[in-house]
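Below is one structure, written out as structure tokens, with a few remarks after it.
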Ligand code: NAP
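Residue numbers (my numbering): 1282 to 1561.
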């Protein structure tokens, strides 16, 4: 039987609708500031999508587009100003930053309580200690989607491919916290096929089209395809979807899987930051 679709688009619409309702009852709107440095076309698309999503559900947003030549001090001074504002509850720096900018320094200068991408050292540390914090949107969205479809994680074997700070490492940690036994793979992993064939849950965050093939998997596996690449004019994931769906039990489509969940979680994190800051 072909795999059931883990419909991130559907769930994200439900989440967005609920957020919109909650926000409509607030006296002050939550505020989110986006910062993009340079003109990377993919970054522009992602920032515009998130900014539009904010407006649709009643989050006040500001978008700062800085020139590629921007230096650290100018970026840090903007972040300082946004940190100090009462009407801005979240700050999101669209990555990657140009190579001359110190990315960690920029991320760490965001107030941890406004760090809606969950990428500064405080939030990363808290996440890995299993403490409450702002969790990066993509891994948070993956867990939410798995939970929505009642997919058992406890005691399962999970394989994550990709070890970025944005996706691979945090999702490996979150799956571990859900009592899955996790193997984290990367480009230097030997005999990847042998590892993936043991997976009950496979998360692929590589960014390479048709990277995950049916032969690498066992019957009934749950597939989370995080990858995004462009193939001619189409957006595609890492997984050879047509063949893999014949043996998987559940699978996320691309588009319509983890992408919309990521956006929904950025919005949710903004409301979470707002709620915390308004208690102070
Ligand atoms: P990244 O930083 O480029 O990481 C890619 C990872 O893939 C690295 O850890 C790399 O290993 C690993 N890798 C590359 N070739 C491999 C191979 N042959 N075998 C095993 N592992 C291999 O990317 P990222 O930021 O995590 O993003 C990954 C993908 O997810 C991209 O396509 C990105 O566009 C997409 N993405 C989607 C969303 C969404 O909302 N759907 C959000 C974020 C990212 P090394 O560490 O050894 O180099």
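Note that CB positions come from ideal geometry on N, CA and C, so glycine has one too.
Computed from a predicted structure; not experimentally measured.
| Query | Result |
| --- | --- |
| Endpoints, alpha helix (DSSP H) assigned at residue 1326 | 1322 to 1338 |
| Range covered by the beta strand (DSSP E) that runs through residue 1438 | 1438 to 1442 |
| In chain order, each beta strand (DSSP E) run of at least 3 residues that lies wholly inside the segment 1464 to 1488 | 1482 to 1485 |
| Selection from 1391, 1439, 1311, 1307 that minimises the alpha carbon distance to residue 1461 | 1439 |
| Close Cβ partners of residue 1432 (< 7 Å) along its chain, the five nearest in sequence each way excluded | 1503, 1531 |
| Buried or exposed (CB count within 10 angstroms, at least 16 for buried), residue 1317 | buried |
| CA nearest to the CA of residue 1466, picked from 1481, 1315, 1324, 1485 | 1485 |
| Integer Cβ distance of residue 1319 from residue 1379, believed to fall under 8 Å | 5 Å |
| Proximity test, residue 1467 beta-carbon vs the ligand NAP heavy atom, cut-off 7 Å | yes |
| Run of the beta strand (DSSP E) containing residue 1461, from where it starts to where it stops | Unbroken run through residue 1461: none, as it is neither H nor E. |
| Contact under 8 Å by Cβ, residue 1524 with residue 1557 | no |
| Under the three-state DSSP convention, the category residue 1358 falls into | helix |
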